[in-house]
Each structure stands twice: as structure tokens, then as C-alpha cells.
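S.K.: Just dropping this structure here.
There are 2 protein chains.
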Amino acid sequence: MIDDISVTPLKRIQHDKGDIYHAMKSSEDSFSSFGEAYFSSVNFADVKGWKKHSKMILNLIVPIGAVRFVAYDDRISSKTYQQFFDITISKENYCRLTIPHGLWLAFQGVGREFNLLLNIASIEHDPNESVSCELGDIKYNWDSM
Amino acid sequence: MIDDISVTPLKRIQHDKGDIYHAMKSSEDSFSSFGEAYFSSVNFADVKGWKKHSKMILNLIVPIGAVRFVAYDDRISSKTYQQFFDITISKENYCRLTIPHGLWLAFQGVGREFNLLLNIASIEHDPNESVSCELGDIKYNWDSM
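Protein chains in written order, with this note's numbering: chain S, 1 to 145; chain D, 1001 to 1145.
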């Protein structure tokens, strides 16, 4: 596990008329602040990334389909320098992934139908606090879904 | 329109690998505070409700399927006393519905497949700040979807 990433199992409450799925409470340890919530969909096998934030902390939940997240640590002083962290989350493996700022992140659609993530971000979107690079700039085997 | 309810159109940003859907920014007028975010699904034709919160402000977004929300105003001093407000939101009519505390709310699954709402609530879930009643206790024609 890369330092500072956390994976928090979330409750799914069964209900005859339709289940309830927890996402995040402000009292939880991995909550820092609320800046913005948005959804991002990702088509089967497509990969969005890489992107690295300098301020935003991401809280990622997948209510539909399945999404594979890969984080890469290029923080020279980190104990997990040059390590990758690879996790697939979905309704079946229902948890929240918290990604600190300073890590590279890319994500891939795993479900053949609709894949959707919710990001509960600590700050609002600001194009000046993130950097992007091409997928091939950080080598990773995306074929082994 | 019932007093204090607001409907905010939301952006959907097209992307070749999967679209992005706005939900809520902390700088927006209809944002008050972040207490909790959770999802609730509702099966086709089923209705969940009625429930009235004494503190929680609800911000409702529907990223999948379609959900019909009906609010009922029993606030004696309200200009819209005894009025109903009925709206169906979906990816096609993509907007955020803000429901103040003090109104009754029920919601129905309209899509034949998966219907999902996200509530970005102003406070955390607290069973002591809401009251519920049976669906039939507030008469409404739910058949006319």
C-alpha cells in the first residue's frame, strides 16, 4: 500500500424498495473538507489519466459498474517511492478510496456497461493545481484487467 | 414551485472516454454545509416516503435512471401551504434538487432499470431529526408516472 492512501469499507444497507449505499460522513477520519462532488464515467477498457493534484484530496466511490484505479508514487522522500497501487472498486467491493495530493492517478473502466465514479473532493476544481501527462509517460500494464 | 425548493441545472461535460457530470460545489448558492453523502436506489414504480426532516437540507442528484420526487408543504405559515411539487430528474434532465428542512418528501423509481440518487446532505444522518408517515397518509396519485 502506498503511504497515505486509505481504503475504507462502506456499508450497503438492504431495502426491499432499493438499497442504500454510504459514501462519506463529515465525522469520518478520512474526511478533510468538502470542496466539490462530481461524477466521472469511463468506458470499458478506456483509461483516463495520468493526473497529479498538488492540493486536492480525492475520495472515490463507485456506485455503478467497476473502476480500476492505479496510483503511482513519485515523491522522492516517500517510503513507497516508485511503487504502484492498483485496486478495482465496484458495488461488489464497495469501499471508498482516499488519494492524497501528490500522487499520480489514472483509472480504467472495468465493467462492460456503465462505469461511474463519484469524487468527493476536498477543494473545488482548479486547473492550476493539477498536472497531467500522457498515459505512456508512466509505464503500466493496463491490459491485465 | 414550493417556497425554498430550488432546481439547479448541472453541467454534463462530454468526453470521448466517458462524460463528467457536475454534482455540487461548495461555492454555490444552494450549498449550506456538508454533513454526509449517500446513495439511495429505488426500484421501478416503488415509492420511498414520506419523510420530513427538521434539520437536514437535501441536495439530490440522479446520475442513473430517473427518479420522481414529490414534496408536500404542510408548513401552516407558508405561501405554498398544502401544495405539492412534482419533478422527475435523470441524466437527460440533469439538475440538482435542493429540499429545505420542514417539507415532506417521497420519491419513486421511474426508470425500468437501475434508479439511483445521490443525496449531499447538510448534516449527518440522525434518526431523531426526521419523522416518517405511511405513503397513504398524504394522498397523491403515484400512478401517473
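The beta-carbon is built from N, C-alpha and C at its ideal position, and this holds for glycine as well.
Predicted, not measured: the structure shown is a model, and the values here were computed from it.
Interface residues of chain S around Pro1063(D) at Cβ under 7 Å?
M.R.: Within 7 Å Cβ-Cβ: Phe39 and Leu116.
S.K.: List the whole-angstrom C-beta distance separating Glu1129(D) from Met1056(D), where the pair is believed to meet the contact cut-off of C-beta under 8 Å.
M.R.: Confirmed, about 6 Å.
S.K.: Does the beta carbon of Thr88(S) fall short of 7 Å from some heavy atom of the ligand FMN?
M.R.: Among the components of this structure there are no ligands whatsoever, and the ligand FMN is therefore not found.
S.K.: I believe Ser152(S) touches Trp50(S) by the beta-carbon criterion, under 8 Å. Please report the beta-carbon distance rounded to the nearest angstrom.
M.R.: One cannot answer for residue 152(S) here, as it falls past the ends of chain S, which runs 1 to 145.
S.K.: Got a sec: is the Cβ-Cβ distance from Tyr1021(D) to anything in chain S below 8 Å?
M.R.: At least one chain S Cβ lies under 8 Å of Tyr1021(D).
S.K.: What does Asn1093(D) reach in chain S if we use C-beta pairs closer than 8 Å?
M.R.: None at all; the shortest Cβ gap to chain S is about 16 Å.
S.K.: Do you know how far the Cα of Ile1087(D) is from the Cα of Phe1069(D)?
M.R.: If I take the Cα positions, the gap works out to 5 Å.
S.K.: When Cβ atoms are compared, which residues of the segment 1026-1055 of chain D fall closer than 7 Å to chain S?
M.R.: Correct list: Ser1026, Ser1027, Phe1034, Gly1035, Glu1036, Ala1037, Tyr1038, Phe1039, Ser1040, Ser1041, Val1042, Asn1043, Asp1046 and Lys1048.
S.K.: Do you know whose CA, among Trp142(S), Pro127(S), Val62(S) and Lys139(S), lies nearest Arg12(S)'s CA?
M.R.: Comparing Cα positions, the closest option is Val62(S).
S.K.: Helix or strand or just coil, what does DSSP make of Glu1036(D)?
M.R.: Note: Glu1036(D) maps to strand in three-state DSSP.
S.K.: Contact criterion: CB-CB distance below 8 Å. Does Ile1120(D) meet it with respect to chain S?
M.R.: Taking Cβ atoms only, chain S reaches closer than 8 Å to Ile1120(D), which makes this a yes.
S.K.: Could you tell me which whole alpha helix (DSSP H) segments of length 4 or greater appear in the segment 1077-1117 of chain D?
M.R.: Qualifying alpha helix (DSSP H) stretches: none in this window.
S.K.: Cβ closer than 7 Å: which chain S residues qualify as neighbours of Glu1124(D)?
M.R.: Near Glu1124(D) (Cβ distances below 7 Å), the residues of chain S are Lys25, Ser26 and Ser27.
S.K.: Kindly identify the DSSP beta-bridge partner or partners of His1053(D).
M.R.: Ser1130(D), per the DSSP bridge assignment.
S.K.: Could you work out which residue in Leu1060(D), His1125(D), Ser1090(D) and Ala1106(D) is closest to Ser1006(D) when comparing CA atoms only?
M.R.: Measuring from the Cα of Ser1006(D), the nearest candidate turns out to be Leu1060(D).
S.K.: Restricting to Cα atoms, I'd like to know which of Arg96(S), Thr98(S), Ser54(S) and Gly102(S) is closest to Ile76(S).
M.R.: The residue with the shortest Cα to Cα distance from Ile76(S) is Gly102(S).
S.K.: Throw me the rounded Cβ distance for the Leu1058(D) and Ile1089(D) pair, which I believe falls under 8 Å.
M.R.: No, Leu1058(D) and Ile1089(D) are not in contact; Cβ-Cβ is about 13 Å, not under 8 Å.
S.K.: Taking only beta-carbon positions, decide if Gly1109(D) is within less than 8 Å of chain S.
M.R.: Judged by the 8 Å Cβ criterion, Gly1109(D) is in contact with chain S.
S.K.: What's the gap between the Cα of Ile20(S) and the Cα of Ser1041(D)?
M.R.: Looking at the two C-alpha atoms, the distance is approximately 6 Å.
S.K.: Distance, Cα to Cα, Ser30(S) vs Phe85(S)?
M.R.: Ser30(S) and Phe85(S): Cα-Cα distance of roughly 18 Å.
S.K.: In this structure, how does DSSP classify Leu135(S) when only helix, strand and coil are distinguished?
M.R.: In the structure shown, Leu135(S) sits in a helix (DSSP, three-state: H, G or I).
S.K.: Taking the continuous beta strand (DSSP E) assigned at Ser6(S), which residues delimit it?
M.R.: Residues Ser6 to Pro9.
S.K.: Checking the sheet assignment: what are the DSSP bridge partners for Ser41(S)?
M.R.: Answer is Leu116(S).
S.K.: For Cys1095(D), collect the residues of the same chain with a Cβ closer than 7 Å to its Cβ; drop the 5 residues on either side in sequence, then sort them by chain order.
M.R.: The residues are Val1007, Thr1008, Pro1009, Leu1010 and Ile1089.
S.K.: Would you call the CB atoms of Ala1037(D) and Ala23(S) closer than 8 Å?
M.R.: Yes; because the gap between Cβ atoms is below 8 Å, this pair is in contact.
S.K.: What three-state label does DSSP hand Phe1069(D) in the structure shown?
M.R.: DSSP places Phe1069(D) in strand when its eight states are reduced to three.
S.K.: Go to Asn59(S), then tell me how far its beta strand (DSSP E) extends in each direction, as first and last residue.
M.R.: Note, Asn59(S): beta strand (DSSP E), Leu58 to Ile64.
S.K.: Is Lys17(S) near Asp1046(D), with beta carbons less than 8 Å apart?
M.R.: Closer than 8 Å, so yes.
S.K.: My understanding is that Asn115(S) touches Gly65(S), with C-beta atoms under 8 Å, so please give their C-beta distance in whole angstroms.
M.R.: 3 Å between Cβ atoms; contact.
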